[in-house]
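These notes concern the structure reproduced below.
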Amino acid sequence: MSKKYSRRDFIKGSVLTTAGAFGLTSISLAEAQEEVDGPLLVINPSECKGCDVCLAACEDYHQNYYEGWGDDKPGTYYSEVLGINENEIKRRRNIKNGERTNEFDWSPPGNLPHRGKQFYLPIQCMHCNDAPCEDACLGNAISTTDKGKVVIDHESCIGCLSCVSACPFSRGKYQTIKYSMQEKKVFKCDMCERRLEDGKNKPACVEICPTDAKLYGPGSEMLEEALKIAEDVNGAVLYPEETSVLFILDESQVELLSELNLMEEEYPNGRLKASVLNYSNYGFIPLLLGFLGFTFVYKSKKTENIVKASNEGEENG
Numbered sequence: 001m002s003k004k005y006s007r008r009d010f011i012k013g014s015v016l017t018t019a020g021a022f023g024l025t026s027i028s029l030a031e032a033q034e035e036v037d038g039p040l041l042v043i044n045p046s047e048c049k050g051c052d053v054c055l056a057a058c059e060d061y062h063q064n065y066y067e068g069w070g071d072d073k074p075g076t077y078y079s080e081v082l083g084i085n086e087n088e089i090k091r092r093r094n095i096k097n098g099e100r101t102n103e104f105d106w107s108p109p110g111n112l113p114h115r116g117k118q119f120y121l122p123i124q125c126m127h128c129n130d131a132p133c134e135d136a137c138l139g140n141a142i143s144t145t146d147k148g149k150v151v152i153d154h155e156s157c158i159g160c161l162s163c164v165s166a167c168p169f170s171r172g173k174y175q176t177i178k179y180s181m182q183e184k185k186v187f188k189c190d191m192c193e194r195r196l197e198d199g200k201n202k203p204a205c206v207e208i209c210p211t212d213a214k215l216y217g218p219g220s221e222m223l224e225e226a227l228k229i230a231e232d233v234n235g236a237v238l239y240p241e242e243t244s245v246l247f248i249l250d251e252s253q254v255e256l257l258s259e260l261n262l263m264e265e266e267y268p269n270g271r272l273k274a275s276v277l278n279y280s281n282y283g284f285i286p287l288l289l290g291f292l293g294f295t296f297v298y299k300s301k302k303t304e305n306i307v308k309a310s311n312e313g314e315e316n317g
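FYI, in UniProt numbering the residues of the sequence shown are 1 to 317.
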């Protein structure tokens with residue numbers, strides 16, 4: 001079989017040099033497009049203004065599909081707010097720790113190399129082509145559609161959180177998979193699967209974005225558009241590989257995300273390694289709880305049978 005370049009081969013041409021700069025690959029676009037299957041969601045953080053209308057659109061759309069979840073229903077939530085004089089004022093995040101703050105500190109942010117670089121980064125499920133969460137799910141509730149969307153069957157979800165441990169893109173507060181304390185189930189971006197099945201051309205967040213920070217469409221077309229945008233940005237790269245979501249990041253954004261441990265330079269090898277480590281560190285917890293629960297039920301049942309037999313013996317005696 002002749003060699004074919006996939007999107008992964010193409011993006012791998014954008015490599016981190018010892019000077020910390022990024023360069024574009026020499027592989028042609030035509031070669032890169034040969035194995036691009038399914039649609040892509042392209043996100044350009046440089047165009048995101050943090051207006052939150054995408055969050056509102058997501059929550060508004062998904063409230064039609066999660067009856068019974070109450071106020072804790074899945075969907076993307078609004079940013080944290082602070083009530084002052086009965087007005088809700090969104091606070092900016094501290095670039096070093098992600099905490100909301102009331103202060104505007106214009107001093108250099110600690111030892112970060114880019115000296116105060118700030119930008120908005122939408123955090124969502126990346127819809128991996130070979131999703132670790134699907135393999136880790138103990139309830140077989142996660143599957144990948146023929147269009148490359150990784151979705152959760154909430155009827156089958158047992159809330160074991162194995163998917164959260166396995167996800168390579170969840171870092172601390174920046175979780176791509178959320179847990180509902182009310183329903184004891186997980187939820188995440190489903191790329192508006194039902195909306196697209198109903199004939200819409202784009203996910204709700206993409207359709208409403210006023211700055212075109214999000215683009216969605218056929219994989220080859222989106223890849224071509226992403227590369228055109230990247231060429232206009234000094235040192236821009238496309239990240240990550242083997243997913244249905246693609247970020248366009250400039251050099252300073254890559255440096256910041258690396259500092260905050262929100263991206264891996266070696267992906268997907270780093271992704272798989274991180275997933276195995278996460279799952280080995282935390283994935284045993286659901287199994288342990290399940291074993292303890294089974295042991296408790298078994299012992300309770302055994303005790304109940306002993307007491308019952310004893311009572312019957314006394315009655316017969």
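The beta carbon of each residue, even a glycine, is placed where N, CA and C say it ideally should be.
Going by DSSP, which residues form a beta bridge with residue i?
| i | result |
| --- | --- |
| Thr-144 | Val-150 |
| Ile-43 | Lys-214, Phe-247 |
| Leu-238 | Ile-248 |
| Lys-185 | Ser-180 |
Pick helix, strand or coil for residue i, following the three-state DSSP scheme.
| i | result |
| --- | --- |
| Val-233 | coil |
| residue 322 | Since the displayed the chain opens at 1 and closes at 317, residue 322 lies outside it and no answer follows. |
| Cys-128 | strand |
| Tyr-174 | strand |
| Ala-204 | helix |
| Glu-221 | helix |
| Glu-155 | coil |
| Glu-80 | Low local confidence applies: a pLDDT of 35 at Glu-80 is under 50, so the model's placement there is unreliable, and no value is given. |
| Cys-133 | helix |
| Gln-253 | helix |
| Lys-49 | coil |
| Asp-60 | helix |
| Leu-196 | helix |
| Pro-109 | Per-residue confidence for Pro-109 stands at a pLDDT of 48, beneath the threshold of 50, marking its modelled position as unreliable; no derived number is given. |
| Leu-121 | coil |
| Leu-55 | helix |
| Asn-85 | Its pLDDT being 35, under 50, Asn-85 is placed unreliably by the model, and nothing is read from it. |
| Cys-160 | coil |
| Ala-21 | For Ala-21, the predicted structure reports a pLDDT of 33, less than 50, and the residue's modelled location is therefore unreliable. The matter cannot be settled from this model. |
| Leu-138 | coil |
Going by CA-CA distance only, name the one from the options that's closest to residue i.
| i | options | result |
| --- | --- | --- |
| Cys-137 | Val-186, Thr-176, Leu-227, Pro-39 | Val-186 |
| His-127 | Leu-215, Glu-225, Ile-229, Leu-40 | Leu-40 |
| Gln-63 | Thr-243, Arg-195, Ser-258, Gly-219 | Arg-195 |
| Gly-38 | Val-206, Thr-144, Asp-212, Leu-227 | Thr-144 |
| Glu-255 | Asp-52, Val-237, Thr-243 | Val-237 |
| Asp-250 | Asp-130, Leu-227, Gln-182, Glu-242 | Leu-227 |
| Glu-241 | Glu-183, Gly-217, Asn-129, Ile-152 | Asn-129 |
| Gly-219 | Lys-184, Cys-205, Asp-190, Lys-149 | Lys-149 |
| Tyr-179 | Val-245, Tyr-61, Ile-43, Ile-152 | Ile-152 |
| Leu-55 | Ile-208, Leu-215, Thr-243 | Ile-208 |
| Leu-215 | Asp-232, Ser-244, Asp-190, Glu-231 | Ser-244 |
| Ile-158 | Asp-190, Val-42, Glu-183 | Glu-183 |
To which residues of the same chain is residue i closer than 6 Å at the C-beta, ignoring the five residues directly before and after it?
| i | result |
| --- | --- |
| Gly-50 | Tyr-120 |
| Ser-258 | none |
| Asp-60 | none |
| His-154 | Lys-185 |
| Val-42 | Leu-215, Met-222, Ala-226, Leu-246 |
| Asp-135 | none |
| Asp-190 | Val-151 |
Please work out which residues of its chain come closer than 8 Å, Cβ to Cβ, to residue i, disregarding the five sequence neighbours upstream and downstream, and give them in chain order.
| i | result |
| --- | --- |
| Ile-177 | Cys-125, Cys-133, Cys-163, Val-164, Cys-167, Ser-170, Val-186, Phe-187, Lys-188 |
| Ser-156 | Gly-139, Asn-140, Ala-141 |
| Glu-47 | Thr-211, Asp-212, Ala-213 |
| Ala-131 | Ile-142, Thr-144, Val-150 |
| Val-233 | Ser-46, Ile-248, Asp-250 |
Output needed for residue i: all residues of its chain with C-beta closer than 7 Å, excluding positions within five of it in sequence on either side, in chain order.
| i | result |
| --- | --- |
| Gln-253 | Pro-45, Phe-119 |
| Ile-229 | Asn-44, Ile-248 |
| Ile-123 | Tyr-174, Thr-176 |
| Glu-193 | Thr-145, Lys-149, Val-151 |
| Lys-202 | Tyr-216 |
| Lys-147 | Gly-38, Pro-39 |
Evaluate the contact criterion for the segment 195-208 versus the segment 218-228: three or more CB pairs, one atom per stretch, below 8 Å. no
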